[in-house]
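>
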Amino acid sequence: MIEIPSDLHKNLVPLVFLLGNWAGAGVHDFPGDEKCNFGQEVSFTHDGRDFLEYHSYSWVLDEDGNKVRPLESEHGFWRIDDERRVEVTMTRDDGVVEIWYGVLADKKPQIDLATDAVARTAGSPPYSGGKRLYGYVKSDLMWVGEKQTPDVALRPYMSAQLKKVVTPEDVERWAKALPGDLPDDGIAFFK
């Protein structure tokens, strides 16, 4: 269920499908890095201003799905203009800062992004840019990331399928919003 918070900045309504906390798993594979499955938690929040705050934390999973060690962390801010152009500023834990630009697709919740600028600290790994595709598909947040380095051409390196995390507060709010005339046997509701 997608809800539009009453205090959401009007410019952000097209991005409302991103709001919330998400968790799931994916695959990481890039030359020179360890190929692995990973777990991920992502949050998109807002405080009434004209941006979404983004945080992502991922970790390597073992064969049984247990956390092994951290993989990547990112923090950023997402904005959208009247022409559905999206801009993202992002900082990664490995010393990379990126500016991303893209567009929200027409009539579907899908965002294509590409890096416009990349800055790296002296100790960060080689990296020269990337692309990302985010989509809201059957109530899940799906994404795929591509990256390039001076030695490796642009190629997919991470992808994940994330489910919305439901909190007890969400359940309570939804329960209060139910109509008072639901059938007491539960079956008649589906007829």
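full-length UniProt numbering puts the sequence shown at residues 1 to 191. All C-beta atoms in this analysis are idealised placements derived from N, C-alpha and C, irrespective of residue type, glycine included.
Would you identify the three-state DSSP class for I176, choosing helix, strand or coil?
As a working mapping, residue 176 is identified with position 176 in the sequence shown. The displayed chain sequence assigns Lys, not Ile, to residue 176. Of the three classes helix, strand and coil, the one that applies to K176 here is helix, per DSSP.
> Could you name each continuous beta strand (DSSP E) segment of 3 residues or more that falls completely within the UniProt domain "THAP4-like heme-binding" (11-164), going from the start of the chain to the end?
Segments of the beta strand (DSSP E) lying fully in the UniProt domain "THAP4-like heme-binding" (11-164): 20-28, 36-45, 52-61, 67-80, 85-92, 96-104, 110-120, 129-137, 140-148 and 155-164.
> In whole angstroms, what is the alpha-carbon distance linking K138 and R132?
Position 138 of the sequence shown, counted from the start, is the residue given in the question as residue 138. Position 132 of the sequence shown, counted from the start, is the residue given in the question as residue 132. Cα to Cα, K138 sits roughly 19 angstroms from R132.
> Look at the alpha carbon of E169 and the alpha carbon of K176, and state the distance between them as a whole number of angstroms.
For the purposes of this step, residue 169 is identified with residue 169 of the sequence shown, where counting begins at 1. For the purposes of this step, residue 176 is identified with residue 176 of the sequence shown, where counting begins at 1. So the alpha carbons of these two residues sit roughly 11 angstroms apart.
> With a cut-off of 8 angstroms on the beta carbons, I'd call M158 and H75 a contact; round off their distance for me.
Numbered from 1 along the sequence shown, position 158 holds the residue referred to as residue 158. Numbered from 1 along the sequence shown, position 75 holds the residue referred to as residue 75. Between H75 and M158 the Cβ distance is about 17 angstroms, and since that is not below 8 angstroms, they are no contact.
> When we look at the beta-carbon of S6 and count the other beta-carbons within 10 Å, is it buried (16 or more) or exposed?
Sequence index remark: in the sequence shown, residue 6 carries index 6 (1-based). With fewer than 16 other Cβ atoms within 10 Å, it is exposed.
> According to DSSP, simplified to helix, strand and coil, what is E169?
What you label residue 169 is simply residue 169 of the sequence shown in a count that begins at 1. Residue state, collapsed to three classes: helix.
> Could you check if I111 is buried or exposed, using at least 16 other CB atoms within 10 Å of its CB as the buried criterion?
Reading the sequence shown from its first residue, position 111 is the one you call residue 111. Flag for I111 reads buried.
> Use the C-beta contact count for G48: other C-beta atoms within 10 angstroms, 16 or more gives buried, fewer gives exposed.
Start at 1 with the first residue of the sequence shown, and residue 48 comes out as number 48. It counts as exposed.
> Taking the alpha-carbon positions, what's the W100 to D64 distance?
Taking the sequence shown and counting its residues from 1, one reaches residue 100 at position 100. Taking the sequence shown and counting its residues from 1, one reaches residue 64 at position 64. The straight-line gap from Cα to Cα measures roughly 35 angstroms.
> Here's a check: name, in chain order, each residue in its chain whose Cβ is nearer than 7 angstroms to the Cβ of Y136, leaving out the five neighbours to either side.
As a first step, residue 136 is located in the sequence shown; it is residue number 136 there, counting from the start. Result list for Y136: F17 and P109, in chain order.
> Leaving out five residues before and five after R69 in sequence, what residues of the same chain have Cβ atoms less than 7 angstroms from its Cβ?
By 1-based counting over the sequence shown, the position of residue 69 is 69. Answer for R69: W59 and V60, listed in chain order.
> By how many angstroms is the C-alpha of F38 removed from the C-alpha of K163?
Looking up residue 163 in the sequence shown gives position 163. Looking up residue 38 in the sequence shown gives position 38. Looking at the two C-alpha atoms, the distance is approximately 14 angstroms.
> What is the rounded straight-line gap between the Cα of E53 and the Cα of P31?
Here residue 53 is taken as the residue at index 53 of the sequence shown, counted from 1. Here residue 31 is taken as the residue at index 31 of the sequence shown, counted from 1. Taking the straight line from one Cα to the other gives about 31 angstroms.
> Do G102 and T115 have their C-beta atoms within less than 7 angstroms of each other?
As a first step, residue 102 is located in the sequence shown; it is residue number 102 there, counting from the start. As a first step, residue 115 is located in the sequence shown; it is residue number 115 there, counting from the start. No, they are not a contact pair.
> Using the Cα positions of P126 and K35, report the straight-line distance between them to the nearest angstrom.
Taking the sequence shown and counting its residues from 1, one reaches residue 126 at position 126. Taking the sequence shown and counting its residues from 1, one reaches residue 35 at position 35. Distance between the alpha carbons of P126 and K35: 18 angstroms.
> Only counting the same chain, and skipping five residues up and downstream in sequence, which positions put a Cβ closer than 8 angstroms to that of G123?
Counting from 1 along the sequence shown, the entry for residue 123 is found at position 123. Within the same chain, G123 has close Cβ partners G95.
> In angstroms, rounded to a whole number, what distance separates the CA positions of H55 and V165?
The residue given as residue 55 occupies position 55 in the sequence shown. The residue given as residue 165 occupies position 165 in the sequence shown. Taking the straight line from one Cα to the other gives about 14 angstroms.
> Applying the criterion that 16 or more other CB atoms from any shown protein chain within 10 Å of the CB defines a buried residue, is I80 buried or exposed?
For the purposes of this step, residue 80 is identified with residue 80 of the sequence shown, where counting begins at 1. Per the 10 Å Cβ criterion, buried.
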